[in-house]
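Q: This structure is in structure tokens; I'll ask about it shortly.
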Amino acid sequence: MSKVKKRIRPTKEQAHELNRRLDSVVKAGHTNNLYCDCEICQALAEQAELMGYRTDSTIKQPSNQWERRRREAKRKRQIDVVKVANLAGQGLTFAEISRKMHRSKDYINKIAREFDIKIFTKKER
Numbered sequence: 083m084s085k086v087k088k089r090i091r092p093t094k095e096q097a098h099e100l101n102r103r104l105d106s107v108v109k110a111g112h113t114n115n116l117y118c119d120c121e122i123c124q125a126l127a128e129q130a131e132l133m134g135y136r137t138d139s140t141i142k143q144p145s146n147q148w149e150r151r152r153r154e155a156k157r158k159r160q161i162d163v164v165k166v167a168n169l170a171g172q173g174l175t176f177a178e179i180s181r182k183m184h185r186s187k188d189y190i191n192k193i194a195r196e197f198d199i200k201i202f203t204k205k206e207r
């Protein structure tokens with residue numbers, strides 16, 4: 083069996099350096115970019131590898147699987163919006179629409195608010 087390399091607790095100086103690099107990444111505005119290959123983000127990745135938080139300092143690009151998954155989710159949402167609009171036009175309530183579409187009432191409500199779709203309640207019928 084191969085031995086697993088045990089992570090050593092970082093010194094205060096290393097921790098301060100990591101925090102400084104994290105602050106510089108936040109100042110640069112790269113917080114939501116997981117695959118950034120700029121100098122600042124590379125320095126942070128190398129520091130994290132040095133401290134044992136990462137195993138590889140090279141930042142890998144995402145696979146096409148996630149892009150495809152995002153596109154599919156967006157397409158399903160567009161279809162759901164059209165279905166909600168059609169069913170709301172027929173005069174159905176939130177509960178009836180959610181039952182027909184097999185989606186939660188919260189999801190239907192969220193779509194209705196986002197796209198200004200008027201859905202009747204039982205009292206308004």
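Quick note: the sequence shown uses my numbering, first residue 83, plus one each step.
Cβ atoms here follow ideal geometry from the backbone N, Cα and C, with glycine treated the same way.
(1) Out of Lys94, Arg185, Glu99, Ile179, which one is the CA nearest neighbour of Ala167?
(2) Go through its chain and collect everything with a Cβ distance to Lys187's Cβ below 8 Å, but skip five positions before and after it.
(3) I'd like the span of the alpha helix (DSSP H) that includes Gly171, first residue to last.
(4) Looking at Leu268: is its Cβ nearer than 8 Å to the Cβ of Lys182?
(5) Just the C-alpha distance for Lys204 and Arg151, rounded to the nearest angstrom, thanks.
(6) Is the beta carbon of Asp162 less than 8 Å from the beta carbon of Arg185?
(7) So Cys123 is in the alpha helix (DSSP H); what residue range does that whole segment cover?
(8) Do Leu100 and Gln129 count as a contact pair if the criterion is CB distance below 8 Å?
(9) Could you compute how far the alpha carbon of Ile190 sits from the alpha carbon of Glu154?
A: Working from what's here:
(1) Ile179
(2) Phe176, Ala177, Ser180
(3) 146-171
(4) Residue 268 is absent from the model: the chain starts at 83 and stops at 207.
(5) 37 Å
(6) yes
(7) 121-133
(8) yes
(9) 19 Å
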